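Under this note's numbering, the first residue of the sequence shown carries the number 8, and numbering increases by one thereafter. C-beta: ideal position from N, C-alpha, C; glycine also. Remember, predicted model here, so these are calculated numbers, not experimental data. Heads up: the structure comes next, in structure tokens.
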Amino acid sequence: MRIKESFRKKLEQVNRWRMQKISNRNFMIILAFAVGIIGGLAAALLKGLTHFIASTLQDDIEWHYKYSFYLVFPLIGILLSVLYVRKFLKGKKFEHGITPIIYSISRKSSRIELHNVYSQIITSAMTVGFGGSSGLEAPIAYSGAAIGSNTGRFFGLQYKEITMLLACGAAAGISGAFNSPIAGMIFAIEILLPEFSIPAFIPLLISAALASVVSRLLYSEPLFHTASTEWEVEALFFYLLLAVVVGLYSVYFAKISTIVKGWFTKITNPYNKVWVSGISLGVLILLFPTLYGEGYLTIQQILDGQFDAIVKNSLFSDYKDMAWVVVCYTVLTLFAKSFAALFTLNGGGNGGVFGPSLVMGGLIGFAFAYGMNQTELIQLNVPNFVMAGMAGALAGVMHAPLTGLFLIAEITGGYTLMVPLMLVTSISYLINRSVLKHSIYTKVLAESGDLLSYEDKDRTVLSMMKLRYVVERNFVKLYPWETPIDRKSDIIHSKRNIFPIIDQEGVLLGIIYSERLFELLLGEEEGADKTFDKLVQKPNDIIRESENMEVVMAKMNRDDVWILPVVDADNRYLGFVSKASVFNKYRALLVRQGHYLE
């Protein structure tokens, strides 16, 4: 304890010196450098560890029946992930995906537990390395966000600075994972910082750029490589048609995600979830080998012109030369991929829908273009449509058209396709957005009122308030057997103009205002010797402690009152809530949730 206290004092001294010598803006730049470097190291570690596990299982270990174990490897990976969480993170909350990052910004003052820096790497490497049908992007974004959040907290920074560093860490993670600094920065802006000022670009640029450099130095293997060609104007209509198909599929995926999550919610035992997801995943992989692991290898083979790659290692490899079989098998694989990814994530594995979205979009683009070519109505450039499908799926599923656009352009070198990519991402996004107001990441938060929305800031700030923090309790309590004369001194010296009347059990019977009490005490009205049970007034309404602030303000506005009593589930008096206290809290939250970097 002495060592810990000594360290805390030293840190306070360092922070005081820092605030005197270094401006807040310059210090943020310094920390952005540090977060970017550490985020790049984390991304390289995750990619290296995952691919080490995968290559060891697939290439280095040799035994006669090795390939039959491919069906149970994903189950083993998910089981190891669950065991790690339950045995090594006892008492610590563990979540996966982008949604918890957004929640931490909205509800937890951008605080993310430190263990996520390494826990996300360990669990996702085991999940994906053993063949779980998921991606590494969400875990590394979570790990990076934890790096940024804890860096800001370590130096005692305020909410908006911690939020900026959290976003820097997430951007560094995406940048390092894909070697795509622009996409990493835009991801942070679109998903985590919907409202930003221009100076916010600087720390994000620094972190994303440094993470990309560090990741390339330590793990230089590119995610995809392709020699993209110029797009043809004659194919524009088909790019638009692809955008519609991808947009509709992104809606389907969002809806099926909710359904699958509901299935697994009914399974209470975590190990039963492992068995259900693992066995289901094994069966799907038996039928569709492309579902094993991330699935990027198959997409790369298609980009290289190996259009039969998706079939040749399957049970239907004998039909790989039949083009329509390839198209139909690709469509089936596409729908199987959506279930495989969701089984992996809901069964206890760690990953995200970021990577699966890319794979599903690539499969849509391939099936669409390759199928069109078989009609001989037109000859489309299949790799170009694969890339456009990847960008469109990411834009629709994540509600992040710019991230999808620049990510695909960066990781494939397909800048010559910017116009088709722009059209496909924007149309796919608009289709999904027209059906689903919120993305797959924010839907749950929006339904629970935990989403920080800049489209309706008043409602958002109200949803962030907790009733218990605005309840005022310093009121003089009156009892039904007492009279105004009995409590004359307390009434006169009270600084409040309203008094609760409660029984001996604490149940609220009603209220009485000071104006009437003074009239009684001054003789302007008869009844100063009457007991309060005869003088009690019924309040316009009451507030239940379980009600949210939107309901509270609605009740106040409906009756045009400034103060209402608060009671618990048994009608016991707790205090009062006033518009003044709500407005004070509102102003404080507006300041806290203001621009992230001024």
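For residue 553, the closest of 573, 401, 349 and 487 by C-alpha to C-alpha distance is 573. Cβ contact annotation for residue 539 (same chain, cutoff 6 Å, sequence separation greater than five): 485, 487, 489 and 508, in chain order. In this structure the stretch 84-102 does not lie against the stretch 302-318, because fewer than three pairs of beta carbons, one per stretch, are closer than 8 Å.
The alpha-carbon separation between residue 254 and residue 446 amounts to approximately 12 Å. Within the same chain, Cβ atoms closer than 6 Å to the Cβ of residue 397 are found at 365, 368, 369 and 415, the five residues on either side in sequence being excluded. Distances from the alpha-carbon of residue 516 to those of 246, 299, 542 and 375 put 542 closest.
The beta carbon of residue 120 lies closer than 8 Å to those of 99, 100 and 153 in the same chain, with the five residues before and after it left out. DSSP places residue 295 in no beta strand (DSSP E); its state is neither H nor E. The alpha-carbon separation between residue 290 and residue 305 amounts to approximately 19 Å.
In this chain, the beta strand (DSSP E) harbouring residue 583 covers 580-585.
For residue 506, the enclosing beta strand (DSSP E) begins and ends at 505-509.
Annotation for residue 517: no alpha helix (DSSP H) segment contains it, though the beta strand (DSSP E) segment containing it runs 515-520.
Counted as a single uninterrupted DSSP element, the alpha helix (DSSP H) harbouring residue 42 occupies residues 31-62. Apart from sequence neighbours up to five positions away, the residues of its chain that approach residue 514 with a beta-carbon distance below 6 Å are 578 and 579, ordered along the chain.
Less than 9 Å separates the beta-carbon of residue 143 from that of residue 362. Among the bridge pairs identified by DSSP, residue 551 is matched with 574. The count of Cβ pairs closer than 8 Å, one atom from the stretch 384-391 and one from the stretch 399-413, stays below three, leaving the stretches out of contact. The distance from the Cβ of residue 218 to that of residue 43 is about 5 Å, consistent with a contact at the 8 Å cut-off. The beta carbons of residue 49 and residue 124 sit closer together than 9 Å.
A residue is called buried when at least 16 other Cβ atoms come within 10 angstroms of its Cβ; residue 260 meets this threshold and is buried. Taking all protein chains shown into account, residue 576 has fewer than 16 neighbouring C-beta atoms within 10 Å of its C-beta and is therefore exposed. With a 10 Å radius around the Cβ and a threshold of 16 neighbouring Cβ atoms, residue 499 comes out exposed. Looking at the DSSP output, residue 479 sits in a beta bridge with 583. From the listed residues 589, 392, 413 and 64, the smallest Cα separation to residue 244 is found for 392. With a cutoff of 9 Å on beta-carbon distance, residue 590 and residue 570 are scored as not near each other. For residue 127, the secondary structure class from DSSP, reduced to helix, strand or coil, is helix. Per the coordinates, the alpha-carbon of residue 424 lies some 11 Å from the alpha-carbon of residue 413. Contact between residue 199 and residue 108 holds, since their C-beta atoms are separated by about 7 Å, short of 8 Å. Beta-bridge pairing by DSSP links residue 485 to 508. As computed with DSSP, residue 378 is found in no beta bridge at all. Two segments are said to touch when three or more pairs of C-beta atoms, one from each, lie closer than 8 Å; by this definition the stretch 349-357 touches the stretch 80-90.
Taking the CA atoms as reference points, residue 145 sits about 16 Å from residue 55.
Secondary structure of residue 386 (DSSP, three-state): coil. Between residue 274 and residue 344, the alpha-carbon positions lie close to 22 Å from each other. Per DSSP, residue 494 lies in no alpha helix (DSSP H) and is assigned neither H nor E.
In the structure shown, residue 312 falls within a coil segment according to DSSP collapsed to helix, strand and coil.
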